[in-house]
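Chains as they are written, first to last, in the working numbering: chain A, 6 to 415; chain B, 428 to 570.
Heads up, the beta-carbon is just placed ideally off N, CA and C, and yes, glycines get one too.
Here it is, written out as structure tokens:
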């Protein structure tokens, strides 16, 4: 059945207050979801409700409010557990976002397990946040960063990846969905190859969480990080999931309150996971907001969302590719959420400004993936990134907008 | 024509246009007509930081005046540079430092142009004034 017809997108759009506003006197066409997604009323209300009725510090319960707020906070952990189909809630660590999750693994698992001559394998389509933390670690430890190549459609060359993974490989870092190209990587098969040589695999799920059902057990990975704000939740909150035995063996990262068991000047012992990795007062309200957003997504049904978005992206790809002078960058078979493109003879920044004038919000630039731009030998792309609340009419507006860009620069 | 007259000319030109498309078209024309920048000045040192596109600005002293050259790989930004150069190039350091780029509001595109991260207008103006300040200091010290 045609998902774009059964999925009631107009009803869902009404859940997002900001989508009804105008920009430069035109209806907002928000196609910058890859940078950050808009928030449903469920999230906004949840945060407001915490501060108005439930707020207190957590895990320090000498009073009713704190006990109730702690319960809600820990419930949020179980929501993330369900969202990722993680085996246990104590495997979910709240962090500021994907970037912090990756840095946590680099600074704890990485520093404890990766040494001189060891290798870390990433792919050619990583976001800077899944490159730089490993480079920093490699520099400190004398380890080597190796990069699995992609082909000119933006698809990982799987055989080359397998060849790169060897008994020196200690960790594989891979982006689940590329933010610059939209490519969905074969994470499950990559995990199998990594495990064969005894390496662990970390997945940057920032661009996957807003678009598809994630099952860390099915994927067979070891770490999975995502950001709340790209998944319709608040900014400044995200989660890192890791397998319990790995997390338990890892040294703590930041020291402080909450993460300790006993503190003596002679020797401090640390709390059990997840609290070992959550020093200080956490981002309580946004954590509860994150859970509200994930509940909202699970209510819609991630599979329904994915099916609708898949058709929307196919429609958009057909429409945008048909425009003369447009070249789509990233044409992998399996894609989600993103169309990156360049226009013959027109700089992406110019296109972005003219689209903005028409109320169409896109991102232009390198998308924090400079090596990807270098690979395609382009300075920048225009990136239209979609969410389940986008419509075919908005795709049509984008196409019309691109024609206007061409007209002005003709 | 002095710096203020040159600026007023731009303000008058853009104020007469009511449609955003016309204003953009005019800026794009300015971009196409910009005086070519010497390739030798397109150096990393002359790159203006804080722009989404690549922007170069170069300045030289010609007597009491400062002459600028500039370019960008993006056309609207190049048009903006052309307008900035039309106002500031050939003026004295004192005039340059004392003159705000008030034509920007008159273009009616201020909403976009003030988005410093998008096109680096603020960074370009700062760079133009910084060159002027350096030349002024050199003049004062008799260099």
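Exercise. What's the gap between the Cα of residue 416/A and the Cα of residue 177/A?
Worked result: In this structure chain A extends from 6 to 415, so residue 416/A is not present and cannot be described.
Exercise. Does any residue of chain A bring its CB to less than 9 Å from the CB of residue 447/B?
Worked result: As a working note, residue 447/B is residue 20 in the second chain. Taking Cβ atoms only, chain A reaches closer than 9 Å to residue 447/B, which makes this a yes.
For this session: Output the residue ranges of the alpha helix (DSSP H) runs that lie fully inside the region 336 to 368 of chain A and measure 4 residues or longer, sorted by chain position.
Result: Entirely contained in the region 336 to 368 of chain A, the alpha helix (DSSP H) runs reaching 4 residues are, in chain order, 353 to 362.
Exercise. According to DSSP, which residues form a beta bridge with residue 489/B?
Worked result: As a first step, residue 489/B is located in the second chain; it is residue number 62 there, counting from the start. In the DSSP output, where bridge partners are listed per residue, residue 489/B has 492/B.
Exercise. Who are the neighbours of residue 413/A on chain B, taking C-beta pairs under 7 Å?
Worked result: In the first chain, residue 413/A corresponds to position 408, counting from 1. Here the neighbours are 448, 451, 452 and 455.
Exercise. When you compare each of 408/A, 335/A, 352/A and 404/A to residue 157/A by their alpha carbons, which one comes out closest?
Worked result: For the purposes of this step, residue 157/A is identified with residue 152 of the first chain, where counting begins at 1. Closest by alpha carbon: 335/A.
For this session: Throw me the rounded Cβ distance for the residue 215/A and residue 48/A pair, which I believe falls under 8 Å.
Result: In the first chain, counting from the first residue as 1, residue 215/A sits at position 210. In the first chain, counting from the first residue as 1, residue 48/A sits at position 43. Contact doesn't hold; Cβ gap of about 13 Å is too wide.
For this session: Would you kindly report the start and end of the unbroken alpha helix (DSSP H) that includes residue 523/B?
Result: Locating residue 523/B in the second chain gives position 96, where the first residue counts as 1. Counting along the chain, the alpha helix (DSSP H) containing residue 523/B begins and ends at 520 to 525.
Exercise. Within 9 Å (strictly less), CB to CB, does residue 475/B reach chain A?
Worked result: Residue 475/B sits at position 48 when you count from the first residue of the second chain. Cβ-Cβ to chain A under 9 Å: no for residue 475/B.
Exercise. Residue 181/A and residue 210/A: beta carbons closer than 9 Å?
Worked result: In the first chain, the residue the question calls residue 181/A occupies position 176. In the first chain, the residue the question calls residue 210/A occupies position 205. Taking 9 Å as the Cβ cut-off, residue 181/A and residue 210/A qualify as a contacting pair.
Problem set entry | Residue-chain proximity (residue 52/A, chain B), Cβ-Cβ < 9 Å | Looking up residue 52/A in the first chain gives position 47. Answer no: the Cβ-Cβ gap between residue 52/A and chain B never drops below 9 Å.
Exercise. The beta strand (DSSP E) with residue 558/B in it runs from where to where?
Worked result: Along the second chain, read from residue 1 onward, the residue named residue 558/B stands at position 131. Run containing residue 558/B: none in the beta strand (DSSP E); it sits in the alpha helix (DSSP H), 548 to 567.
For this session: Would you kindly work out how many angstroms separate the C-alpha atoms of residue 273/A and residue 259/A, rounded to a whole number?
Result: In the first chain, residue 273/A corresponds to position 268, counting from 1. In the first chain, residue 259/A corresponds to position 254, counting from 1. Near 13 Å, if we compare the C-alpha coordinates of residue 259/A and residue 273/A.
Exercise. Using a Cβ-Cβ distance under 9 Å, would residue 379/A count as near chain B?
Worked result: Here residue 379/A refers to the residue found at position 374 of the first chain. No, no contact with chain B.
For this session: Check distances from the C-beta atoms of the region 346 to 362 of chain A to those of chain B and list, in chain order, the residues that come in under 7 Å.
Result: 352, 354, 355, 358, 359, 361 and 362
Exercise. Taking C-alpha atoms, which residue in 475/B, 497/B, 520/B and 567/B lies nearest to residue 547/B?
Worked result: As a position in the second chain, residue 547/B is number 120, starting the count at 1. Nearest of 475/B, 497/B, 520/B and 567/B to residue 547/B, Cα basis: 475/B.
Problem set entry | Inter-residue Cα distance where the pair is residue 339/A and residue 281/A | Residue numbering aside, residue 339/A sits at position 334 when the first chain is read from its first letter. Residue numbering aside, residue 281/A sits at position 276 when the first chain is read from its first letter. C-alpha separation (whole angstroms): 38 Å.
Exercise. Short check: CB of residue 457/B to CB of residue 513/B, under 9 Å?
Worked result: The residue given as residue 457/B occupies position 30 in the second chain. The residue given as residue 513/B occupies position 86 in the second chain. Contact flag set, yes.
For this session: Give me the Cα-Cα distance between residue 448/B and residue 154/A, rounded to the nearest whole angstrom.
Result: Stepping through the second chain from its first residue, residue 448/B is reached at position 21. Stepping through the first chain from its first residue, residue 154/A is reached at position 149. Using only the alpha carbons, I get a separation of about 43 Å.
For this session: Flag residue 39/A as yes if its beta-carbon sits less than 9 Å from any beta-carbon of chain E, otherwise no.
Result: Here chain E cannot be found, since the structure's protein chains are A and B.
For this session: Just grab the DSSP bridge partners of residue 301/A for me.
Result: If you number the first chain from 1, residue 301/A lands on position 296. DSSP output for residue 301/A lists no bridge partner at all.
For this session: Please say whether residue 295/A and residue 84/A have beta carbons closer to each other than 9 Å?
Result: For the purposes of this step, residue 84/A is taken as residue 79 along the first chain, with counting starting at 1. For the purposes of this step, residue 295/A is taken as residue 290 along the first chain, with counting starting at 1. In contact: residue 84/A and residue 295/A (Cβ atoms closer than 9 Å).
Problem set entry | Buried or exposed by the 16-neighbour rule on C-beta atoms within 10 Å, applied to residue 565/B | If you number the second chain from 1, residue 565/B lands on position 138. Counting Cβ neighbours within 10 Å, residue 565/B comes out exposed, since fewer than 16 surround it.
Exercise. Hey, residue 183/A and residue 369/A: beta-carbon distance below 9 Å or not?
Worked result: By 1-based counting over the first chain, the position of residue 183/A is 178. By 1-based counting over the first chain, the position of residue 369/A is 364. Taking 9 Å as the Cβ cut-off, residue 183/A and residue 369/A do not qualify as a contacting pair.
Exercise. Does the count of Cβ pairs from the region 388 to 398 of chain A and the region 492 to 504 of chain B closer than 8 Å reach three?
Worked result: no
Problem set entry | Any C-beta of chain B under 9 Å from that of residue 384/A | In the first chain, the residue the question calls residue 384/A occupies position 379. It does; some Cβ of chain B falls within 9 Å.
For this session: Counting only the same chain and skipping the five closest in sequence on each side, list residues whose C-beta sits under 7 Å from that of residue 196/A.
Result: Position 191 of the first chain, counted from the first residue, corresponds to residue 196/A. Same-chain partners within the cutoff: 206, 224, 225 and 226.
Exercise. By the criterion of Cβ-Cβ separation under 8 Å, what are the contact partners of residue 369/A in chain B?
Worked result: One-based indexing of the first chain puts residue 369/A at position 364. Chain B residues near residue 369/A: 479.
For this session: May I ask you to list, following chain order, the residues of the region 499 to 511 of chain B that have a beta carbon less than 7 Å from some beta carbon of chain A?
Result: 500, 501, 502, 503 and 504
For this session: Assign residue 329/A to one of three DSSP states: helix, strand, or coil.
Result: As a first step, residue 329/A must be located in the first chain, where it is residue number 324. Here residue 329/A sits in coil by DSSP.
Exercise. Taking just the CA atoms, how far does residue 450/B sit from residue 424/B?
Worked result: Lying before the first or after the last residue shown, residue 424/B is absent from chain B, which here runs from 428 to 570.
Exercise. Are there three or more Cβ pairs, one per stretch, closer than 8 Å when the region 340 to 349 of chain A is compared with the region 428 to 444 of chain B?
Worked result: no
Exercise. Of all the CB atoms in chain B, is at least one closer than 9 Å to the CB of residue 29/A?
Worked result: Numbered from 1 along the first chain, position 24 holds the residue referred to as residue 29/A. Taking Cβ atoms only, chain B reaches closer than 9 Å to residue 29/A, which makes this a yes.
Problem set entry | Residue closest to residue 170/A, alpha-carbon to alpha-carbon, out of 297/A, 235/A, 310/A and 204/A | If you number the first chain from 1, residue 170/A lands on position 165. Of 297/A, 235/A, 310/A and 204/A, the residue nearest in Cα terms is 204/A.
For this session: Note the first and the last residue of the continuous alpha helix (DSSP H) segment covering residue 164/A.
Result: Taking the first residue of the first chain as 1, we reach residue 164/A at position 159. Its alpha helix (DSSP H) spans residues 163 to 169.
Problem set entry | Exposure of residue 44/A, with buried meaning 16 or more beta-carbon neighbours within 10 Å | Position 39 of the first chain, counting from 1, holds the residue named residue 44/A. Counting of Cβ neighbours within 10 angstroms places residue 44/A among the buried residues, the total reaching 16 or more.
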